[in-house]
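Heads up: the structure comes next, in structure tokens.
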Amino acid sequence: MSDYFHSVTLDKDECKGCINCIKRCPTQAIRVRDGKAHIITELCIDCGECIRVCPHHAKKAITDPLSIMDNYRYKVALTPPSLYGQFNNIEDPDLVFAALKDIGFDEVFDVARAAELASDATRRMLATGAMPSPVISSACPAVLRLIRVRFPSLINRVQPLVAPVEIAARMAKDEAEKRGLKREEVGCIFLTPCPAKVTAIRMPIGTATSDIDAAVAVKDVYPLLVGAMKHAKDEAERPQSGRIGIGWAESGGEAAGLLTTDAYLAADGIENVIRVLEDLEDNKYANIEFVELDACSGGCVGGVLQVENPYIAKSKIKKLRRYMPVSMNHLEEDIPAHMLWDTDLEYSPVMELGKTKQESFEKYAEFEDIMEKLPDLDCGSCGAPTCESFAEDVVRGNAVLGDCVVLMRKKMEAILKAAGLDGT
Amino acid sequence: MPNIHMHYVVPGDDFTRAGEASADLKARLKKLGMPSDAVRKVAIALYEGEINLAIHAGGGEIEVQVFPDKVEMTLTDTGPGIPDIDLAMRAGWSTAPDEVRSLGFGAGMGLPNMKNYADDFEIESEVGVGTRVFMRVNVA
């Protein structure tokens, strides 16, 4: 198996080779070469911004078809809280649960339930004061990948807590096992709001393996669910979570759900997240205990594999939360082992220009020489997002100076002038 | 190995731009393959210095020399100068005006933090002439 799996991928036939995606990629992971976009696997964090901005729909997310549930005897749907904001006029998640059963699932495990346990675990982690402050949430997988490639000095602040959806899968399988089912007969299928979660399942960070068996995009299951809701039998599905769990759907919900501290910061949208991480690295925030970071604008409701506008989804969830209890789940004892990371988050360096410091210094001098020559227009015509990233590509041997159209034009003009062909 | 040099101009009283030099230097040090703890120390020390230049000195200049085993930063300004350096180095002591404090700056930790994060710290100042700060961060 390759070292990298990416859920975000390119459909070469649809790609026109324009520069929309290279300009918007937050880690500058895309280049246009030979008229087609290429994703640099080491840099991509699967945030899905390119899927959002591609006007030709050439960027896609690899997800599973719903029919994958047929591979399992006992089918469990894992539902993220953001899912409940996708539908009109529902007053309770119960109807979503009933519709999922109608389309073939045997059980619905509300991820908000696991989120409430994660909130409780975070309260306990903060109370011990054992971690350097501020503690950074580990819930958003795109943020984890971003920290891993760009912010090594912040790795020790990331809470070693398994994400709610993974906790949910582990709990669902444990519970099924207690009822006499074999673990491998149980299929935990996540209805995913974003590509980053798909990657987190195939290439987990913090856990050696994942108990989630498949991920189906919310947008793919949505039409079926809307249809099923019309005739789904209300089997009096019991609510599984309260306001705190459902609150994880939007930015600030996870942090506000801690209740034990107001000294938190919540940032959403990948560019804002990067700014906060830069500031954290410089020690700019005194007296902040907890930092919640969501790659998508608005939080998980902003995930690119959903259908509803994130702000409308938020408002729908607000309505849904009105009559809910504060929380329905808490930890009985200490944080159980299945909620804690069993593998470390390790820095994967991608920014160095060379393999050794010596080589990096030599290449840096070359990089500066090239920067002197470049026009600093960041036009993107060479296929790199900025002149700086182009200069890096050149010193790394992935591009040649002649790819710069501005330099080439100057060169052409000089040749024409020398030959007396420039019209003067 | 080539000696790498950077030069930054910090404008006075522009808080939206203070921090640009430390952010830029941080990105360059990462390209150079410098270890993250050293990058972090440099970024914190230089950020504090930039804020000082913006708040107290009406701007100034930063010279950076990067070697494989150390980063040297020299901050110079032609501001009002510091009458009592010992007092200025005391944690919590501040002459920042109220409008600056209301922005969250001026806690009196600038110079102490710079000294704290730098492995070598020198400061010389003359009232009416200006201030020069030298910081060196060692790279393991």
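Protein chains in written order, with this note's numbering: chain A, 124 to 547; chain B, 488 to 627. Where is the CB? At the ideal position from N, CA and C, for every residue including glycine.
Item: Span of the beta strand (DSSP E), counted from its first residue to its last, around B/ILE491; Value: 491 to 498
Item: Beta-carbon proximity check, A/LEU95 vs A/GLU412, cutoff 8 Å; Value: The requested residue 95 of chain A does not occur in the structure, where chain A is confined to residues 124 to 547.
Item: Proximal chain A residues relative to B/ALA510, where beta-carbon distance stays under 7 Å; Value: GLU401
Item: Within chain A, partners of B/SER581 - CB distance below 7 Å; Value: Per Cβ cutoff of 7 Å: no residues; B/SER581 is ~14 Å from chain A at best.
Item: A/GLN209, buried or exposed, once every other Cβ within 10 Å from all chains shown has been counted against 16; Value: buried
Item: Residue environment, A/LEU539, which counts as buried when at least 16 other CB atoms sit within 10 Å; Value: exposed
Item: Length of the line joining the Cα atoms of A/CYS170 and A/LYS182; Value: 12 Å
Item: Contact set between the segment 531 to 554 of chain B and chain A, restricted to residues whose Cβ is under 7 Å from the partner; Value: ILE531, TYR534
Item: Check whether A/PRO287 and A/ALA262 have beta carbons under 8 Å apart; Value: yes
Item: is_contact[A/ASN406, chain B] using C-beta, thresh 8 Å; Value: yes
Item: Delimiting residues of the alpha helix (DSSP H) encompassing A/MET535; Value: 528 to 541
Item: Ordered list of beta strand (DSSP E) runs contained in the segment 505 to 585 of chain B, each at least 3 residues; Value: 546 to 554, 557 to 564
Item: Contact set for A/CYS141: own chain, Cβ-Cβ below 6 Å, skip 5 residues either direction; Value: none
Item: Within-8 Å CB hit, A/ALA152 to chain B; Value: no
Item: In DSSP terms, what A/TYR446 is bridged to; Value: Paired residues: none, contrary to the question.
Item: A/MET124 classed as buried or exposed, judged by whether at least 16 other C-beta atoms fall within 10 angstroms; Value: Only weak support exists for where A/MET124 lies, its pLDDT of 39 falling under 50; the value from the coordinates is given anyway. Exposed, since its Cβ has fewer than 16 Cβ neighbours within 10 Å.
Item: Contact between the segment 193 to 202 of chain A and the segment 290 to 297 of chain A (3+ Cβ pairs under 8 Å); Value: yes
Item: Alpha carbon of B/ALA505 to alpha carbon of A/CYS510, nearest angstrom; Value: 24 Å
Item: Start-end ranges of the beta strand (DSSP E) lying completely within the segment 230 to 279 of chain A, minimum 3 residues; Value: 230 to 233
Item: Rounded separation between A/THR384 and B/GLN552 - CA only; Value: 43 Å
Item: Nonlocal neighbours in the same chain, by C-beta distance under 6 Å from A/PHE490, ignoring five residues either side; Value: ALA514, VAL518
Item: DSSP state of B/VAL624 mapped onto helix, strand, coil; Value: strand
Item: DSSP state of A/LEU524 mapped onto helix, strand, coil; Value: helix
Item: Neighbourhood of B/ALA607 by C-beta distance below 6 Å, restricted to the same chain and skipping five residues each side; Value: Looking at the sequence provided, one finds Asp at residue 607 of chain B rather than Ala. Cβ neighbours of B/ASP607 beyond the five flanking positions: ARG623.
Item: Same chain, Cβ closer than 7 Å to B/TYR534, neighbours up to 5 away in sequence not counted; Value: GLY506, SER509
Item: For A/SER130 and A/THR322, believed in contact at Cβ under 8 Å, the rounded distance; Value: 5 Å
Item: Alpha-carbon spacing of A/ALA355 relative to A/ILE440, whole angstroms; Value: 21 Å
Item: Where A/LYS198 sits in the DSSP three-state scheme; Value: strand
Item: Length of the line joining the Cα atoms of A/LYS342 and A/ALA184; Value: 11 Å
Item: Three-way DSSP call (helix, strand, coil) for A/LEU497 in this model; Value: coil
Item: Whole-angstrom distance between A/ASP134 and A/VAL528, CA atom to CA atom; Value: 26 Å
Item: B/PRO489 at chain A interface by Cβ criterion, 8 Å; Value: yes
Item: Simplified DSSP assignment, three categories, for A/LYS305; Value: coil
Item: Residue interval of the beta strand (DSSP E) (run including A/LEU463); Value: Careful: A/LEU463 lies outside any beta strand (DSSP E) and carries neither H nor E.
Item: Expected contact under 8 Å - CB spacing of A/SER483 and A/GLY422 to nearest Å; Value: Wrong, their Cβ atoms sit about 37 Å apart, outside the cutoff.
Item: Spatially closest choice to A/GLY310 from A/ILE328, A/LYS320, A/ASP334, A/GLY303, by CA coordinates; Value: A/ASP334
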